[in-house]
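Each residue of the sequence shown is one higher than the last, beginning at 2 in my numbering. Each residue gets a CB set at the ideal place from its N, CA and C atoms; glycine is no exception.
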Amino acid sequence: MRTLAGYTNIMSAKPGDTVEFKVSSHGPSATFSARLVRLITTEDHPRTAGLIEREVEAAFNGEYPARRQPIHTGSYGYVEHATAFSGLEDFTFQAWLWPTLLGTRRQTIAGTWDESRSLGFALEIDDTGRLTFLMGDGQGTVSTANLPTPLVERQWVFVAASYSAKDRTVVLHQSPRCDIGDLGSPQTRKFDIAAVQGNAAQRHFFIAAHKASGGDGLLLAGGHYNGKIDSPKLHACALSVAEMASLASGAAVERLNECVSAAWDFSIDQGSDVFQDISGNGLDGRLINMPARAMKGYNWTGQFHDWRTAPHEYGAIHFHDDDLYDAGWSTDFTFTIPSGLESGVYAARLDAQGASPAYVIFFVRPPKGQATSDVVYLASTATYMAYANQSLIARDPLDEMSMGSLLVFGEDDVFLDENPEYGKSLYDLHTDGSGVCYSSRLRPILNMSPNAKYWSFGDGYLTGWLDALGINADVITDEDLHYEGESILAPYRVVLTGCHPEYVSLAMWDALKTHLGRGGRLMYLGGNGFYWRTAFHPTLPGLIEVRRAEDGSRAWSAEAGEYFMSMTGEYGGMWRRQDRTPNQLVGVGFCAQGFMTGSCYQWRPASSDPRVDFVFTGVNKGSKFGDYGLSGNGAAGQELDRYDPALGSPKHAVVIATSIGHTDNMVLAKEEFGAMHWMIGGTENKNVRSDIVFFETTGGGAVFSVGSISWPMSLPIDNYQNDVSHVTRNVLERFRDPKPFSLPQ
């Protein structure tokens with residue numbers, strides 16, 4: 002039973018770095034134990050040697066008190082100031098809204114409302130979708146007022162509230178932005194308010210939530226709003242009914258210019274966790290849990306799609322009640338990486354009475370600029386983050402058809418279903434149905450763990466193979482490669498990928514390309530790699546972004562006009578759509594997927610080319626090979642990549658082998674055809690295949706690609722004595738040889 006979970010402050014560490022472990026317990030045990038292990042394999046499969054972990058001496062090994070550490074999801078913004086909000090008497094607040102989840106519960110748009118003290122004011126949406134004003138004096142008197150007509154989901158509406166302390170009245174206004182065929186008319190009403198704001202100090206102004214409590218120095222929010230907010234402004238004066246009614250039309254109210262308190266412009270500094278006040282009063286604010294930025298606003302014309310070209314049309318932030326960036330847990334124990342600790346995949350194994358073991362995984366790299374091997378394994382941590390805590394399988398009715406069997410949920414799946422606050426993957430939808438475009442490693446990632454069921458930490462087959470064959474390899478991560486570039490690869494002759502390096506940044510791509518041009522060798526041992534363009538946040542650690550633009554196998558699609566990433570301004574989506582096809586880098590590119598069964602390979606005539614003789618040492622070149630494995634009983638399975646010169650595969654590449662025997666459960670990827678037709682299955686379409694490819698690069702380097710996620714899952718069969726294993730080892734040994742490869746004439 003899953004009761005323990007944890008995460009680290011950093012996912013990759015070198016000697017001298019300190020890893021902080023943050024743990025939470027959902028079980029009854031008063032204590033838990035922690036010990037350092039090195040993970041050699043990551044699955045307890047009956048056809049293999051099983052889960053192999055080796056205990057390592059560490060100062061933190063021992064018992065610790067167990068505690069439940071909460072996670073507070075939901076994004077919002079707040080401004081803190083000692084006096085700016087306590088002194089408000091008359092005021093007017095205005096903003097544009099695009100609400101996305103109405104009629105469920107009360108949601109706060111903005112204000113100083115403090116729930117714990119029933120103090121301050123807020124502009125809200127009530128549980129029936131009506132615009133509501135709330136005010137409390139902190140002494141027990143609370144007043145509300147609302148407009149009768151509910152707002153409409155996913156329709157822009159201008160809203161405003163103006164309060165007069167002298168008259169104890171509030172004027173509420175809403176005005177939908179109507180296009181052809183839209184219904185809706187402006188409403189403006191005046192209400193008497195019994196409550197006053199009270200004299201207690203109010204240091205915070207909230208946007209997209211309200212203050213729930215602030216004890217023990219921890220600021221907690223509630224009433225999270227779902228939807229976009231654009232151009233919020235606060236003025237220290239009250240308006241009449243007539244003046245309020247004129248605001249939505251853009252008519253100027255001179256008094257507003259004279260009493261502006263704050264004018265927040267969300268189009269400035271996109272991607273950051275701060276928002277700026279352009280009034281000159283310095284009331285800048287901070288965003289919590291990373292709501293989606295670079296969102297098109299109420300005034301988006303459709304003329305420009307890059308927010309950098311027309312920033313004034315991208316002044317909206319999309320807030321969600323389930324956003325999560327940093328779980329914010331306290332540290333239970335630390336570990337400073339000692340000099341001499343071998344590079345590899347490590348974990349703090351957590352155990353408690355009645356609980357299944359939990360593994361908090363991290364990667365140990367060698368000292369910067371040093372290498373302990375000529376081989377380096379590039380751990381696909383961006384992909385692990387993209388799939389972090391994925392619940393797509395639980396909500397997608399087509400997944401049983403895709404898998405070809407009833408779905409079997411593991412204890413991690415059950416745990417995440419019971420504890421949704423652990424955050425979502427880039428394949429999931431927010432509560433309001435919008436796609437999740439940010440993912441963070443500053444939270445427990447349950448499926449990055451041994452024995453996870455779906456889209457799990459499957460590269461233990463490769464690390465187990467390396468260990469079984471006595472091959473020493475250093476380990477680095479995607480994050481290391483992104484931030485350090487080709488310099489981190491320079492000491493190595495051979496780079497190995499895992500089975501699914503799907504998410505890649507521009508910096509990673511360029512580093513690998515540069516390394517190959519300088520004589521490096523790359524073994525791409527998976528499928529569906531180098532597929533989605535990924536952004537790493539330049540200043541916030543452990544945060545990535547993906548925009549599902551235009552095409553590809555997408556669990557959701559980005560809104561029109563929101564294809565450019567907020568963190569970097571890069572155009573999102575598939576690398577294939579940006580003239581950087583995987584074929585150009587590794588010779589093959591994603592073409593088909595199917596998860597019911599795997600298949601085998603057949604040697605191609607080109608396999609007799611002397612350029613690839615090194616591949617076949619000790620290999621039985623029969624009619625087929627790879628008709629075995631731990632994933633669908635075949636080395637060619639799950640997701641496949643194909644050689645295609647039209648997509649940039651090098652023309653001098655040797656196609657050594659091609660997969661055969663796929664069923665109609667292995668189907669073409671959707672970007673492979675322009676219009677729908679029936680011939681997309683493996684029995685009918687020749688493009689449904691995996692190609693094993695080799696080619697040389699300038700500078701004496703080379704690339705070997707297998708084009709299948711399932712390839713590493715065939716390595717352990719017969720105690721690693723099989724042709725998949727032999728071919729992989731032969732290539733690795735030749736790639737380790739310093740003798741340069743020569744480009745063919």
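**Message:** Quick check on the burial criterion: 16 or more other C-beta atoms within 10 angstroms. Buried or exposed for Phe-207?
**Reply:** The residue you call residue 207 lines up with position 206 of the sequence shown. Around the Cβ of Phe-207, a 10 Å sphere holds 16 or more other Cβ atoms; the residue is buried.
**Request:** Please say whether Leu-98 and Val-158 have beta carbons closer to each other than 8 Å?
**Result:** Residue mapping note: residue 158 aligns to position 157 of the sequence shown, counting from 1. Residue mapping note: residue 98 aligns to position 97 of the sequence shown, counting from 1. Taking 8 Å as the cut-off, the Cβ atoms of Val-158 and Leu-98 count as close.
**Asked** Which whole-angstrom value is the C-beta distance of Ala-210 and Gly-223, which I expect to be below 8 Å?
**Response** Position 209 of the sequence shown, counted from the first residue, corresponds to residue 210. Position 222 of the sequence shown, counted from the first residue, corresponds to residue 223. Confirmed, Cβ separation roughly 6 Å.
**Request:** Please confirm whether Leu-443 and Gly-518 have their CB atoms less than 8 Å apart.
**Result:** Position 442 of the sequence shown holds residue 443. Position 517 of the sequence shown holds residue 518. In this structure, the beta-carbon distance from Leu-443 to Gly-518 does not fall below 8 Å.
**Asked** If you check the beta carbons only, do Glu-617 and Asn-731 fall under 8 Å apart?
**Response** Here residue 617 refers to the residue found at position 616 when the sequence shown is read from its first residue. Here residue 731 refers to the residue found at position 730 when the sequence shown is read from its first residue. The identity of residue 617 in the sequence shown is Phe, whereas the question assumes Glu. Their beta carbons are under 8 Å apart, which means Phe-617 touches Asn-731 by this criterion.
**Asked** Anyone know if the C-beta pair for Ser-163 and Met-245 falls short of 8 Å?
**Response** Within the sequence shown, the letter at position 162 stands for residue 163. Within the sequence shown, the letter at position 244 stands for residue 245. Result yes, Cβ atoms of Ser-163 and Met-245 sit closer than 8 Å.
**Message:** Please state the DSSP three-state secondary structure of Met-677.
**Reply:** The residue labelled residue 677 in the question sits at position 676 within the sequence shown. In the structure shown, Met-677 adopts coil according to DSSP, grouped into three states.
**Prompt:** What span of residues does the beta strand (DSSP E) with His-205 cover, start to end?
**Reply:** By 1-based counting over the sequence shown, the position of residue 205 is 204. Segment 205-208, the beta strand (DSSP E) holding His-205.
**Request:** Check whether the region 69-78 touches the region 318-330, counting contact only when three or more Cβ pairs, one atom from each stretch, lie closer than 8 Å.
**Result:** The region 69-78, when compared against the region 318-330, does touch it at the 8 Å Cβ threshold.
**Item:** Whole-Å CB distance - Val-1 paired with Tyr-504, under 8 Å assumed
**Value:** What the structure shows of the chain is the stretch from 2 to 746, and residue 1 is not part of that stretch, so it cannot be assessed.
**Message:** Is any non-hydrogen atom of the ligand HEM found closer than 7 Å to the C-beta of Ile-53, if you look at the structure I gave you?
**Reply:** The ligand HEM is not part of this structure, which contains no ligands at all.
**Prompt:** According to the Cβ coordinates, are Pro-451 and Leu-52 closer than 8 Å?
**Reply:** Walking along the sequence shown from the start, residue 451 turns up at place 450. Walking along the sequence shown from the start, residue 52 turns up at place 51. Note that the C-beta distance between Pro-451 and Leu-52 is below 8 Å.
**Coil, strand or helix - Gly-486 by DSSP** = In the sequence shown, the residue the question calls residue 486 occupies position 485. In the three-state reduction of the DSSP assignment, Gly-486 falls in the helix class.
**Request:** Go through its chain and collect everything with a Cβ distance to Ser-117's Cβ below 7 Å, but skip five positions before and after it.
**Result:** Position 116 of the sequence shown, counting from 1, holds the residue named residue 117. The beta carbon of Ser-117 sits closer than 7 Å to those of Ala-213 and Ser-214, all from its chain and outside the five residues before and after it, given in chain order.
**Request:** Thinking Met-2 and Gly-355 are a contact (beta carbons under 8 Å), I'd like their distance in whole angstroms, please.
**Result:** Numbered from its first residue, the sequence shown carries residue 2 at position 1. Numbered from its first residue, the sequence shown carries residue 355 at position 354. In this structure Met-2 touches Gly-355 by the C-beta definition: roughly 7 Å separates them, less than 8 Å.
**Request:** Could you tell me whether the region 705-722 touches the region 453-473, where touching means 3 or more Cβ pairs closer than 8 Å?
**Result:** The region 705-722, when compared against the region 453-473, does touch it at the 8 Å Cβ threshold.
**Message:** Rounded to the nearest angstrom, what separates His-46 and Gly-461 at their Cα positions?
**Reply:** As a working note, residue 46 is residue 45 in the sequence shown. As a working note, residue 461 is residue 460 in the sequence shown. Distance between the alpha carbons of His-46 and Gly-461: 12 Å.
**Request:** Alpha carbon to alpha carbon, how far is Ala-317 from Pro-292? Give it in angstroms, no decimals.
**Result:** Along the sequence shown, read from residue 1 onward, the residue named residue 292 stands at position 291. Along the sequence shown, read from residue 1 onward, the residue named residue 317 stands at position 316. So the two alpha carbons sit approximately 10 Å from each other.
**Asked** How many whole angstroms separate the CB atoms of Thr-498 and Ser-381, which I take to be in contact at a CB cut-off of 8 Å?
**Response** As a first step, residue 498 must be located in the sequence shown, where it is residue number 497. As a first step, residue 381 must be located in the sequence shown, where it is residue number 380. Contact between Thr-498 and Ser-381 holds: CB atoms are separated by about 7 Å, below the 8 Å threshold.
**Prompt:** Under the rule that 16 or more other beta-carbon atoms within 10 Å means buried, what is Glu-64, buried or exposed?
**Reply:** As a position in the sequence shown, residue 64 is number 63, starting the count at 1. Glu-64 comes out exposed.
**Message:** Rounded to whole angstroms, what is the Cα-Cα separation between Tyr-226 and Thr-129?
**Reply:** Position 225 of the sequence shown, counted from the start, is the residue given in the question as residue 226. Position 128 of the sequence shown, counted from the start, is the residue given in the question as residue 129. Near 14 Å, if we compare the C-alpha coordinates of Thr-129 and Tyr-226.
**Cβ neighbour criterion (16 or more within 10 Å) applied to Pro-1** = Nothing about residue 1 can be read from this structure; the chain reaches only from 2 to 746.
**Message:** Can you list, in chain order, the residues of its chain with a C-beta nearer than 8 Å to that of Thr-335? Leave out the 5 residues immediately preceding and following it.
**Reply:** Against the sequence shown, residue 335 aligns to sequence position 334. Cβ neighbours of Thr-335 within its own chain (closer than 8 Å, five residues either side excluded): Thr-19, Val-20, Glu-21, Phe-22 and Phe-61.
**Request:** Within its chain, find whatever has a CB closer than 6 Å to the CB of Cys-260; leave out the 5 residues flanking it on each side and keep chain order.
**Result:** Residue 260 sits at position 259 when you count from the first residue of the sequence shown. Counting only Cβ-Cβ distances below 6 Å, and skipping sequence neighbours, we find His-236, Ala-237 and Cys-238.
**Request:** Determine, using beta carbons only, whether Pro-583 and Phe-531 come nearer to each other than 8 Å.
**Result:** The residue labelled residue 583 in the question sits at position 582 within the sequence shown. The residue labelled residue 531 in the question sits at position 530 within the sequence shown. In contact: Pro-583 and Phe-531 (Cβ atoms closer than 8 Å).
**Whole-number beta carbon distance between Met-296 and Glu-563, since they are thought to touch under 8 Å** = As a working note, residue 563 is residue 562 in the sequence shown. As a working note, residue 296 is residue 295 in the sequence shown. Cβ-Cβ separation between Glu-563 and Met-296: approximately 6 Å, consistent with a contact (criterion under 8 Å).
**Request:** Could you tell me the distance, in whole angstroms, from the CA atom of Gly-337 to the CA atom of Pro-502?
**Result:** Taking the sequence shown and counting its residues from 1, one reaches residue 337 at position 336. Taking the sequence shown and counting its residues from 1, one reaches residue 502 at position 501. In the sequence as presented, Gly is not what sits at residue 337; that position holds Thr. Computed Cα separation, rounded: 29 Å.
**Asked** Touching or not, the region 475-490 and the region 508-516, by the rule of three or more beta carbon pairs under 8 Å?
**Response** The region 475-490 makes contact with the region 508-516, as at least three CB pairs between them are under 8 Å.
**Request:** Could you give the DSSP three-state label for Gln-95: helix, strand or coil?
**Result:** Walking along the sequence shown from the start, residue 95 turns up at place 94. Of the three classes helix, strand and coil, the one that applies to Gln-95 here is strand, per DSSP.
**Request:** Output the residue ranges of the beta strand (DSSP E) runs that lie fully inside the region 225-300 and measure 3 residues or longer, sorted by chain position.
**Result:** Within the region 225-300, the runs of beta strand (DSSP E) at least 3 residues long that lie entirely inside it are, in chain order, 228-236, 261-266, 275-278, 286-289 and 293-296.
**Item:** First and last residue of the uninterrupted alpha helix (DSSP H) at Tyr-462
**Value:** Taking the sequence shown and counting its residues from 1, one reaches residue 462 at position 461. Its alpha helix (DSSP H) spans residues 461-469.
**Prompt:** Alpha carbon to alpha carbon, what distance is there between Leu-40 and Val-361?
**Reply:** Along the sequence shown, one-based indexing puts residue 361 at 360. Along the sequence shown, one-based indexing puts residue 40 at 39. Cα-Cα distance, rounded: 11 Å.
**Item:** Endpoints, alpha helix (DSSP H) assigned at Asp-511
**Value:** Along the sequence shown, one-based indexing puts residue 511 at 510. DSSP places Asp-511 in the uninterrupted alpha helix (DSSP H) bounded by 507-518.
**Message:** In chain order, what are the residue ranges of uninterrupted beta strand (DSSP E) at least 3 long that sit wholly in the region 306-382?
**Reply:** If we require 3 residues or more, the beta strand (DSSP E) runs fully inside the region 306-382 come out as 317-320, 334-337, 345-352, 359-365 and 376-380.
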